[in-house]
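First residue of the sequence shown: 386, per my numbering; consecutive thereafter.
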Amino acid sequence: MDIKKIVRLAMFLSLAIVLSILESFIPIFNGMIPGLKLGLANIVILVILYLYGFKDAIYISILRVIMVGMLRTGLFSITFFFSFSGAILSIIMMTIFKKISLFSVVGVSIIGSIFHSIGQVIIAIFLLNTPNMIYYLPYLLLFAIPSGIITGLISKELINRMKDS
386 MDIKKIVRLA
396 MFLSLAIVLS
406 ILESFIPIFN
416 GMIPGLKLGL
426 ANIVILVILY
436 LYGFKDAIYI
446 SILRVIMVGM
456 LRTGLFSITF
466 FFSFSGAILS
476 IIMMTIFKKI
486 SLFSVVGVSI
496 IGSIFHSIGQ
506 VIIAIFLLNT
516 PNMIYYLPYL
526 LLFAIPSGII
536 TGLISKELIN
546 RMKDS
């Protein structure tokens, strides 16, 4: 791996961490439904997925969750596991749907947002031993689509600009 790529990925990781932490302070998303966020760090992950591929995107995604866990939510806290499971399922599904080539960057972003919510609910059911957590999913999914559209549009623009440079 060349030094230019390492530096870019390190900057992307830093940006994803900062966006995650800043987003946790936005009251409109932080207070409506617990755990509900726009997913700004997913912009970074989408850009990496499209410019560098799955391997780099999953590394950065995992490192982001670990770093935010250490800095903000507590490493190996329940919030950490929610974020980790959502991030892993999201990146796997975004990669699959990207490879299918039927979806645009915005469509792949929506898939990522939806599956992040599904991953969080699955781990919540498992960790809290509460099957009723499934009733939380429709509320998360209602927000997942517009947030996926927003992050997808921003990601698409960034990808196009970075490909041109």
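Backbone N, C-alpha and C define an ideal beta-carbon position, used for all residues, glycine too. These numbers come from a predicted model, not from an experiment.
> Should S405 go down as buried or exposed, given a rule of 16 or more other Cβ atoms within 10 Å for buried?
Replying inline: buried
>> Rounded to the nearest angstrom, what separates M455 and T464 at their Cα positions?
In response: 11 Å
> Would you call the CB atoms of V506 and G533 closer than 9 Å?
Replying inline: Annotated as distal: V506 and G533, with beta-carbon spacing of 9 Å or more.
> Rounded to the nearest angstrom, how far is the Cβ of R457 from that of S409, given a contact under 8 Å?
Replying inline: S409 and R457 do touch by the CB rule: their CB atoms are close to 6 Å apart, below 8 Å.
> Does any residue of chain B bring its CB to less than 9 Å from the CB of A472?
Replying inline: Looking at the structure shown, chain B is missing, and only one protein chain is on hand.
> Of the residues I510, N517, V432, which one's Cα is nearest the Cα of I476?
Replying inline: When each option's Cα is compared against that of I476, the closest is V432.
> What is the C-beta distance between H555 and G471, in whole angstroms, given that I count them as a contact (C-beta under 8 Å)?
Replying inline: Missing from the structure shown is residue 555; the chain here goes from 386 to 550 and no further.
> So, using beta-carbon positions, are V429 and I445 closer together than 9 Å?
Replying inline: yes
> Taking only runs of the beta strand (DSSP E) that begin and end inside the region 406-479, which ones reach a length of at least 3 residues, in chain order?
Replying inline: Inside the region 406-479, DSSP marks no whole beta strand (DSSP E) run of 3 or more residues.
>> Is it buried or exposed, R449, if we count other Cβ atoms within 10 angstroms and call 16 or more buried?
In response: buried
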